[in-house]
Amino acid sequence: MRQVVIYADQDDGGWVAEVPSLPGCVSQGDTREEVLRNIRDAIETWIDGAQQAGMKVPDETFDVQVCVV
Numbered sequence: 110m111r112q113v114v115i116y117a118d119q120d121d122g123g124w125v126a127e128v129p130s131l132p133g134c135v136s137q138g139d140t141r142e143e144v145l146r147n148i149r150d151a152i153e154t155w156i157d158g159a160q161q162a163g164m165k166v167p168d169e170t171f172d173v174q175v176c177v178v
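First residue of the sequence shown: 110, per my numbering; consecutive thereafter.
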């Protein structure tokens with residue numbers, strides 16, 4: 110399981126998703142549902158690529174804290 114941060118892209122009105130524990134694992138989508146589908150694919154692709162390259166897949170270390178202001 111990976112923690113995913115999603116947020117609205119202010120420039121184009123879509124959504125962005127990032128996986129803090131997998132450097133560079135980022136995706137976009139027009140809706141929240143689409144960005145979640147896309148980031149699942151990006152996570153699988155990132156992990157598969159790292160394993161094929163003989164790289165260690167980082168452990169999940171991201172801790173979620175929500176701050177509403």
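Glycine residues also receive a C-beta, built at the ideal position from the N, C-alpha and C atoms.
Give me the Cα-Cα distance between residue i and residue j, rounded to the nearest whole angstrom.
i: Q160; j: A126; result: 22 Å
i: V173; j: I152; result: 18 Å
i: D168; j: G122; result: 32 Å
Tell whether a beta-carbon distance below 9 Å holds between residue i and residue j.
i: N147; j: S136; result: yes
i: E143; j: W124; result: yes
DSSP puts residue i in a beta bridge; with which residues?
i: Q174; result: DSSP, once it has assigned bridges, lists no residue as partnering Q174.
i: I115; result: A126
i: Q137; result: V125
Cβ of residue i less than 9 Å from any chain C Cβ?
i: G138; result: Given the protein chain composition of this structure (a single chain), no chain C is represented.
Using a 10 Å radius around the Cβ and a threshold of 16 neighbouring Cβ atoms, would you call residue i buried or exposed?
i: V178; result: exposed
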